[in-house]
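A.B. asks: I have a structure here, written as C-alpha cells, and I will follow up with some questions on it.
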Amino acid sequence: MSAQLAAYATSTGEAFQFWVLGAIAVMGALGTVFMKKSVHSALSLAGTMIVLAVFYLANGAYFLGIVQIVVYTGAIMMLFLFVVMLVGVTAADSLKETIKGQRWLALLCGVGFGVLLFAGIGNASLKEFDGTGQANANGNVEGLASLIFTKYVFAFEITGALLITAAVGAMVLTHRERTERAKTQRELSEQRVREGKHLPPLPAPGVYARHNAVDIAGLLPDGTPSELSVNRTLRERGQIRDVSAQALGDLRALEQRSEERLERTETDPAHFKRAEEASK
Amino acid sequence: MENLIALLIAAPLLGAAVLLVGGRRLDAVGHWIGTLLSTVSFVFGLILFVDLLGKGAEHRTLIKHLYSWVPVAGFQADVTFRLDQLSMTFVLLITGVGSLIHLYSVGYMEHDERRRRFFGYLNLFLAAMLLLVLADNYLLLYVGWEGVGLASYLLIGFWQHKPSAATAAKKAFLVNRVGDMGLSIAIMLMFTTFGSFAFGPVLNHAGDASEGKLTAIGLMLLLAACGKSAQVPLQSWLGDAMEGPTPVSALIHAATMVTAGVYLIVRSGAVFNAAPDAQLAVTVVGAVTLLFGAIVGCAKDDIKKALAGSTMSQIGYMILAAGLGPIGYVFAIMHLVTHGFFKAGLFLGAGSVMHGMNDEVDMRKYGGLRTYMPVTFITFGLGYLAIIGFPGLSGFFSKDKIIEAAFAKGGTEGWILGGAALLGAAITAFYMTRVMLMTFFGEKRWQPDENGHEPHPHESPRVMTIPMILLAVGSVCAGGLFSIGDRFLHWLEPITGHSEGNSPLSAAAVTGATMVCLVIGVGIAWAQYGRGPVPVVAPRGSLLTRAARRDLLQDDFNHVVLVRGGEHLTRSLVYVDHTLVDGVVNGTAAGFGGLSGRLRRIQNGFARSYAVSMFGGAALLVAATLLMRAV
Amino acid sequence: MNPVNYLYLSALLFTIGATGVLIRRNAIVVFMCIELMLNACNLAFVVFSRMHGNLDGQIIAFFTMVVAAAEVVVGLAIIVSLFRTRHSASVDDASLMKL
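Residue numbers (full-length UniProt numbering), protein chains in the order written: chain F, 1 to 280; chain A, 1 to 631; chain D, 1 to 99.
Structure follows, in C-alpha cells:
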C-alpha cells in the first residue's frame with residue numbers, strides 16, 4: 001500500500017474512497033454549520049472527523065488516524081456533547097441573522113478566502129509526491145516517536161505544560177470556591193421561612209397528567225399548569241411542554257366514555273363550560 | 001572723579017524711587033526733593049565739567065566701568081559710562097535746563113494734587129536721559145532710550161483723566177516704538193557686523209565693515225532718531241504730546257528728549273561718515289522736517305502746538321546738520337544746546353501765559369498781554385529773538401552756521417539743502433513773529449468762559465519767572481559764548497571731528513541772505529497780524545493753511561495708509577484665519593469626528609463582527625502574499 | 001487521482017468552518033466550527049507530510065491535536081461559566097464588557 005501511495009497518482013481505490021468520503025466530509029461540515037440544534041451539529045462534526053481519520057490512514061498517517069478517532073471523535077466530541085446536554089439538548093437556535101450585514105460579509109469573506117486558497121493551491125507546484133513510504137519504513141509510530149523525542153522534544157514538553165495549564169484553567173473557571181460553612185437543612189428551612197419564600201416542597205412535575213417527565217408542568221387541580229413544578233434550567237430555556245389541552249381532551253373523552261357506559265343522554269353543560277374556562 | 005558719573009545718574013534715580021515709592025507722606029515736600037536731587041546732579045555735572053576743562057583735549061574722556069551686566073562669552077554687555085565732551089555738553093544741558101524746569105514746575109503744578117508723582121516722573125526722566133547720553137555701549141543707551149520713552153509716556157498722559165491726554169500718550173508711545181525697533185535692529189546689526197555694540201569697537205572699526213552693512217545700520221539708526229526726535233515720517237506724535245503739562249513740553253519735548261535722535265546720529269558719526277547714502281537720507285529727512293514743522297507752526301492757533309511745530313522744525317535743522325557729516329556735527333550740537341535754552345524758555349513763557357489765562361491755549365483769545373505779564377513778555381521776547389536768529393543772540397550763531405554748513409556740502413545737494421534751510425529761516429521768522437504778535441500785541445481778545453469767569457491775566461510767581469529769566473539769559477548769551485573764538489568747535493572737535501567743507505558762498509553772503517530771509521518773514525507776519533486786528537475766529541484760510549492746521553494731513557496719511565491698510569490686512573488675515581485655517585482645523589476635527597462616528601459602529605461589541613474583520617484581514621494577507629508571489 | 005485534491009478538500013472544509021464561526025451565534029457551535037478548521041489544517045499537514053516524504057507534517061498535526069484538546073477544555077469551561085451567569089450560550093449576548 002505504501003508503495004502505491006508514493007506514486008504520483010493514487011490508486012483507483014483511493015480515488016473512489018476520496019470522492020465518496022470527501023462528499024460525506026463536506027456534507028458533515030455543512031451540517032455542522034447549518035443544523036439548527038447543536039446536538040445535530042456535534043454529530044455532523046463527529047462524522048466529518050471520522051472521515052478525516054480515514055483520510056489520515058490513507059495518507060500514511062496511521063498513528064494520527066487512530067488518535068483522531070480516539071482523542072477527537074471519542075474524547076473531545078463527547079466533551080462537546082456533555083456541554084450540549086448541559087446547555088439544552090433540544091434547544092433549537094434561530095438561524096436568523098441579527099447583526100446587519102454580518103451574513104453577507106461572512107459569505108463574502110468565506111468565498112473570497114476559499115477562492116484565494118484554491119488559487120494558491122492551484123498555483124503551487126505540487127507535481128512531485130514523495131509518499132510516506134520511505135519515512136514509514138521503520139513503522140509510523142516509531143518514526144513519529146523518534147522525531148518527537150529528538151527534534152521536537154522541546155515543543156513536546158511545552159505542550160505538556162500547556163495541557164496541565166489548560167486542565168487547571170478549566171478547573172479554575174468552573175470551580176466555585178465555598179467561602180463559608182455549608183448550611184444545614186434546618187438553617188435552610190429557617191431561612192426560607194424568614195424570607196417568606198415558597199415554604200412547602202415545590203410541586204412535582206408531570207403529575208396529574210398522562211405524561212410523566214421533568215419537562216412537563218404539573219397541572220393544578222383546576223387544570224392550569226404550574227411552572228414551579230419544572231426545573232429552573234428548563235424553565236429558563238423555555239423548554240416546558242404544555243400538555244393542558246391534551247389533558248382536557250383526555251378528560252372529555254373519559255367523560256364521554258362514562259356517559260356511554262352509564263347511558264346518560266343529558267350531559268351537564270355547566271361542567272363542560274367550567275372546564276373550558278379553566279383550560280384558558 | 002569717575003565715581004561722580006555714576007552719582008550723576010544715581011541722584012535723580014534716587015529721587016524717582018523715593019518720590020514714587022514714598023507715597024502720600026512725601027506730598028508736602030516731594031517737589032523740593034525732586035528739585036534738590038536734580039540740582040545735585042547739575043552740581044556734579046559742573047564739577048565734572050570743571051575737571052574736564054582742566055585736562056588736555058585728548059584726556060577729556062572718562063570711562064567708568066560699573067559692573068558687568070551680561071558677562072557671556074562672545075556677548076559682553078557692561079554697565080559702563082563714558083563721559084567725554086559730547087556727553088558732558090548733554091549732561092549740562094539736561095541737568096541745567098532740567099533743574100530750572102523742576103523749579104518752574106514747583107509753581108506751575110502748585111494746584112495739582114499729584115504733584116509729587118509728577119516730580120517723580122521728571123526725576124525718572126532725568127535719570128533715563130543721563131543714562132542715554134552717558135552709556136558707553138548701544139545696549140545701555142537703549143535702556144536709557146526706552147527709559148525716556150517711558151517717562152515721556154507717563155508725563156504726556158499725566159493728566160490721564162483727559163481722554164485726549166491718554167490718547168496722546170499712547171500715540172507717542174506707539175510711534176516711538178517704531179523708532180525703537182529701528183534702534184534694536186541697528187544694535188543687532190552692529191553685533192553681527194562688529195561682534196560688539198560698545199562705542200569703542202563699533203566706532204573705531206566702522207571703516208572696516210562693508211558699506212552696505214554700514215548703510216543698513218545708519219538707516220536703522222536714522223529710523224530710531226526719527227521716532228525719538230519726531231522727524232518725518234514719524235513726526236505725528238509731537239503735536240499731540242503737547243497734551244502733557246507745559247514743563248514737560250519744555251523739558252522733554254523741546255529741550256532734551258527729542259534731541260536724543262541728534263545725539264544718536266552725532267555719536268554714531270563714524271558709521272554715517274562711512275555710509276554716504278545713509279548720510280544723504282539723514283539730510284533729506286532733516287530738510288523735509290524743518291520745512292514740514294515750520295509750515296505746521298505757521299497755521300496753529302494753539303500756542304503750544306505752534307511751538308511744537310517749531311521744535312520739529314528746529315530739530316530738522318539739527319538732523320540736517322548732523323547728516324552733513326563732520327561739516328555739521330558741531331553745529332548740530334551747538335544748535336541743540338542753544339535751542340534747548342530758547343525753546344525751553346519759550347515753552348515756559350507759554351506756560352506762564354496759560355497759567356495767567358486759565359489754561360487757555362488759543363492765541364486768538366490772547367492779545368495785548370505785554371502789559372499784564374512784563375517778565376513773561378521780556379523773557380519770551382528774548383527767546384523769540386533768539387530763535388528767529390536776531391543778530392547777536394544765540395540762534396543767530398547756531399542757525400547761521402548750519403545754513404553755512406548746508407551750502408558747504410557742495411554741489412546741487414548743497415544748494416538744495418541750503419535753500420531749504422534759508423526758506424526755513426524765513427518761515428521761522430514768520431511764525432514766531434505771528435506767535436509773538438498774537439500773544440503779546442494788539443487788542444486784548446479774551447472772553448469769559450462758559451462759566452462766566454473772565455480771565456485775569458497776571459504775572460506768574462517768582463518761582464516760575466526765575467527759571468524763565470535764567471533761560472532767557474542763556475538764550476541771549478549762549479550763542480556768542482560758544483561761537484566767539486570757536487570755543488564750542490574746539491571743545492567738541494576731538495569727538496566729532498570737523499571739516500570746513502567748500503562753500504560756494506562766503507560766510508558773509510550766507511549771513512546776509514539769512515538776514516534778508518529774516519526780515520521778509522517778520523515783515524509778512526507784521527503785515528498780516530501786526531497792522532490790523534486779529535480775528536478771534538480763525539478765517540477759513542487757503543488750502544495750504546487748512547492742511548497745515550491738520551498737521552499737513554499727517555494723521556490722515558497715517559490713518560489711510562497705516563490704520564486703514566492695517567485694518568484691511570487684519571481683516572483679510574481674519575478672513576483667511578476663519579475660512580482657511582479654521583476651515584482646515586475644524587474640517588479636520590469634523591472629519592475625524594464623522595469618521596469616528598462611522599468607525600464607532602464597527603465597534604459594536606459583537607465577537608462575530610470582530611471575527612469577520614479578522615477573517616477579512618487574513619483573506620487580504622493571503623491575497624497580498626499571492627500577489628507578491630505572482631509578481 | 002492527484003493527492004492535491006486532499007488539499008482542496010482541506011481548503012473547502014476550512015472555509016466552511018470559518019464561515020460557520022462568523023454565522024452561528026451559539027457558542028458551542030462556533031467552537032465546533034473552530035474544531036472543524038483545525039481538522040482541515042491537520043488534513044493539509046498530513047497531506048504535506050506525504051508530499052515531502054517525511055513525518056514532520058504529521059508531528060505538527062499531532063501538536064495541533066494536543067493544542068486543540070487543551071483549547072477545547074478551556075473553551076468549554078468558559079462556555080459553561082458563561083452559561084451559568086447569563087443562562088444563554090449566545091455569543092451575541094456577550095456584547096457588552098460587563099455582566
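Beta carbons: idealized from backbone N, C-alpha and C, even for Gly.
All of these numbers come straight from a predicted model, not from anything done at the bench.
Assign residue 531 of chain A to one of three DSSP states: helix, strand, or coil.
C.D. replies: The count along the second sequence starts at 1 and reaches residue 531 of chain A at position 531. In this structure, residue 531 of chain A counts as coil in the three-state DSSP scheme.
A.B. asks: By DSSP, does residue 372 of chain A sit in helix, in strand, or in coil?
C.D. replies: For the purposes of this step, residue 372 of chain A is identified with residue 372 of the second sequence, where counting begins at 1. DSSP places residue 372 of chain A in coil when its eight states are reduced to three.
A.B. asks: Using 8 angstroms as the threshold, is the stretch 56 to 66 of chain F in touch with the stretch 40 to 50 of chain D, meaning 3 or more CB pairs across them?
C.D. replies: At 8 angstroms Cβ cutoff, the stretches touch.
A.B. asks: Just to confirm the assignment: which complete alpha helix (DSSP H) runs, minimum length 4, are found wholly within the stretch 219 to 246 of chain A?
C.D. replies: Qualifying alpha helix (DSSP H) stretches, in chain order: 236 to 240.
A.B. asks: Taking contact to mean 3 or more Cβ pairs, one atom from each stretch, closer than 8 angstroms, check whether the stretch 59 to 78 of chain D and the stretch 74 to 87 of chain F are in contact.
C.D. replies: Flag = yes, the stretch 59 to 78 of chain D and the stretch 74 to 87 of chain F touch.
A.B. asks: Entirely within the stretch 103 to 152 of chain A and at least 4 residues each: give me those alpha helix (DSSP H) ranges in chain order.
C.D. replies: Fully enclosed alpha helix (DSSP H) runs of 4 or longer: 115 to 134.
A.B. asks: Once DSSP output is grouped into helix, strand and coil, what is the label at residue 65 of chain A?
C.D. replies: Taking the second sequence and counting its residues from 1, the one referred to as residue 65 of chain A is at position 65. Note: residue 65 of chain A maps to strand in three-state DSSP.
A.B. asks: Please list, in chain order, the residues of the stretch 586 to 615 of chain A that have any C-beta partner in chain D closer than 8 angstroms.
C.D. replies: For the stretch 586 to 615 of chain A, which is checked against every Cβ of chain D, the residues closer than 8 angstroms are 604, 605, 606, 607, 608, 611, 612, 615.
A.B. asks: Are the CB atoms of residue 429 of chain A and residue 517 of chain A nearer to each other than 8 angstroms?
C.D. replies: Indexing the second sequence from 1 puts residue 429 of chain A at position 429. Indexing the second sequence from 1 puts residue 517 of chain A at position 517. Yes. Within cutoff.
A.B. asks: Whole-angstrom Cβ separation of residue 376 of chain A and residue 460 of chain A, contact assumed at under 8 angstroms?
C.D. replies: As a first step, residue 376 of chain A must be located in the second sequence, where it is residue number 376. As a first step, residue 460 of chain A must be located in the second sequence, where it is residue number 460. Indeed they touch by this definition, with Cβ atoms about 7 angstroms apart.
A.B. asks: Which residue wins for smallest C-alpha separation from residue 35 of chain F, given the options D:20, D:92, D:42?
C.D. replies: Start at 1 with the first residue of the first sequence, and residue 35 of chain F comes out as number 35. Checked all of D:20, D:92, D:42; the closest Cα to residue 35 of chain F is D:20.
A.B. asks: Please list, in chain order, the chain D residues whose beta carbon lies closer than 9 angstroms to that of residue 142 of chain F.
C.D. replies: Residue numbering aside, residue 142 of chain F sits at position 142 when the first sequence is read from its first letter. The premise fails here: residue 142 of chain F is roughly 10 angstroms from chain D at the closest Cβ pair, so nothing lies under 9 angstroms.
A.B. asks: In whole angstroms, what is the alpha-carbon distance linking residue 51 of chain F and residue 9 of chain D?
C.D. replies: Numbered from 1 along the first sequence, position 51 holds the residue referred to as residue 51 of chain F. Numbered from 1 along the third sequence, position 9 holds the residue referred to as residue 9 of chain D. If you take the alpha carbons of residue 51 of chain F and residue 9 of chain D, they lie about 12 angstroms apart.
A.B. asks: With H, G and I counted as helix, E and B as strand and the rest as coil, what does DSSP make of residue 615 of chain A?
C.D. replies: Taking the second sequence and counting its residues from 1, one reaches residue 615 of chain A at position 615. Note: residue 615 of chain A maps to helix in three-state DSSP.
A.B. asks: Quick check on this structure: which residue in A:99, A:568, A:373 has the alpha carbon closest to the alpha carbon of residue 15 of chain A?
C.D. replies: For the purposes of this step, residue 15 of chain A is taken as residue 15 along the second sequence, with counting starting at 1. Per the Cα distances, A:99.
A.B. asks: With 8 angstroms as the limit, tell me which residues of the stretch 58 to 74 of chain D have their beta carbon closer than that to any beta carbon of chain F; keep them in chain order.
C.D. replies: Of all residues in the stretch 58 to 74 of chain D, 58, 59, 61, 62, 63, 65, 66, 67, 68, 69, 70, 71, 72, 73, 74 have a Cβ within less than 8 angstroms of some Cβ in chain F.
A.B. asks: Which residue from A:494, A:368, A:334 puts its Cα closest to that of residue 529 of chain A?
C.D. replies: The residue given as residue 529 of chain A occupies position 529 in the second sequence. Comparing Cα-Cα distances from residue 529 of chain A to each of A:494, A:368, A:334, the minimum goes to A:368.
A.B. asks: Please tell me whether residue 53 of chain F and residue 65 of chain F are closer than 8 angstroms, where the distance is taken between their beta carbons.
C.D. replies: Here residue 53 of chain F refers to the residue found at position 53 when the first sequence is read from its first residue. Here residue 65 of chain F refers to the residue found at position 65 when the first sequence is read from its first residue. Their beta carbons are under 8 angstroms apart, which means residue 53 of chain F touches residue 65 of chain F by this criterion.
A.B. asks: What residues in the stretch 222 to 249 of chain F have a beta carbon less than 7 angstroms from any beta carbon of chain E?
C.D. replies: Looking at the structure shown, chain E is missing, and the protein chains on hand are F, A and D.
A.B. asks: If you reduce the DSSP assignment to three classes, tell me which class residue 685 of chain A lands in.
C.D. replies: This structure cannot speak to residue 685 of chain A, because chain A is shown only from 1 to 631.
A.B. asks: Considering only residues of the same chain and omitting the five flanking positions on each side of residue 141 of chain F, which have a CB-CB separation below 7 angstroms?
C.D. replies: Translated into positions along the first sequence, residue 141 of chain F becomes position 141. Hits under 7 angstroms: 63.
A.B. asks: Per the contact definition of three or more C-beta pairs closer than 8 angstroms, is the stretch 503 to 521 of chain A in contact with the stretch 415 to 429 of chain A?
C.D. replies: At 8 angstroms Cβ cutoff, the stretches touch.
A.B. asks: Of the residues that make up the stretch 53 to 78 of chain F, which ones have a beta carbon closer than 8 angstroms to any beta carbon in chain D?
C.D. replies: Listed in sequence order: 55, 56, 59, 60, 61, 63, 64, 67, 68, 71, 72, 75, 76.
A.B. asks: Can you tell which of F:216, F:251, F:222, F:107 has the C-alpha that lies nearest to the C-alpha of residue 235 of chain F?
C.D. replies: Stepping through the first sequence from its first residue, residue 235 of chain F is reached at position 235. Ranking the options by Cα distance to residue 235 of chain F, first place goes to F:216.
A.B. asks: Which residues bound the beta strand (DSSP E) around residue 81 of chain A?
C.D. replies: Translated into positions along the second sequence, residue 81 of chain A becomes position 81. Taken as a continuous stretch (DSSP letters only), the beta strand (DSSP E) holding residue 81 of chain A covers 75 to 83.
A.B. asks: Of all Cβ atoms in chain F, is any one closer than 8 angstroms to the Cβ of residue 85 of chain D?
C.D. replies: Numbered from 1 along the third sequence, position 85 holds the residue referred to as residue 85 of chain D. Not an interface residue.
A.B. asks: Strictly under 8 angstroms for the Cβ-Cβ distance: is residue 255 of chain F near chain D by that measure?
C.D. replies: Taking the first residue of the first sequence as position 1, residue 255 of chain F is located at position 255. Cβ-Cβ to chain D under 8 angstroms: no for residue 255 of chain F.
A.B. asks: What is the DSSP secondary structure of residue 101 of chain F, counted as helix, strand or coil?
C.D. replies: Here residue 101 of chain F refers to the residue found at position 101 when the first sequence is read from its first residue. Reduced to three states, the DSSP call for residue 101 of chain F is coil.
A.B. asks: Look at the alpha carbon of residue 595 of chain A and the alpha carbon of residue 35 of chain D, and state the distance between them as a whole number of angstroms.
C.D. replies: The residue given as residue 595 of chain A occupies position 595 in the second sequence. The residue given as residue 35 of chain D occupies position 35 in the third sequence. Computed Cα separation, rounded: 37 angstroms.
A.B. asks: Which complete beta strand (DSSP E) runs does the stretch 481 to 509 of chain A hold, if anything under 3 residues is left out?
C.D. replies: Entirely contained in the stretch 481 to 509 of chain A, not one beta strand (DSSP E) run reaches 3 residues.
A.B. asks: Keeping to the same chain, check which residues put their C-beta closer than 6 angstroms to that of residue 209 of chain A; ignore five residues upstream and five downstream.
C.D. replies: Residue numbering aside, residue 209 of chain A sits at position 209 when the second sequence is read from its first letter. Hits under 6 angstroms: 193.
A.B. asks: Identify, in the order they occur along the chain, each residue of the same chain with its Cβ nearer than 7 angstroms to the Cβ of residue 191 of chain A, setting aside the five sequence neighbours on each side.
C.D. replies: Here residue 191 of chain A corresponds to residue number 191 of the second sequence, with the count starting at 1. Within the same chain, residue 191 of chain A has close Cβ partners 197.
A.B. asks: Quick check on the burial criterion: 16 or more other C-beta atoms within 10 angstroms. Buried or exposed for residue 355 of chain A?
C.D. replies: Taking the second sequence and counting its residues from 1, one reaches residue 355 of chain A at position 355. Label assigned to residue 355 of chain A: buried.
A.B. asks: For a contact defined as C-beta to C-beta under 8 angstroms, what are the partners of residue 622 of chain A on chain F?
C.D. replies: Sequence index remark: in the second sequence, residue 622 of chain A carries index 622 (1-based). Those are 113, 116, 117, 120, listed as they occur along chain F.
A.B. asks: Does residue 164 of chain F pass the burial test, meaning 16 or more other C-beta atoms within 10 Å, or should it be called exposed?
C.D. replies: Within the first sequence, residue 164 of chain F is the residue found at index 164, counting from 1. Exposed, by the Cβ-count rule.
A.B. asks: I'd like the list of long-range same chain contacts for residue 614 of chain A, defined as Cβ closer than 8 angstroms, with 5 residues on each side in sequence excluded.
C.D. replies: Taking the second sequence and counting its residues from 1, the one referred to as residue 614 of chain A is at position 614. Taken in chain order, the list of residues that qualify is empty.
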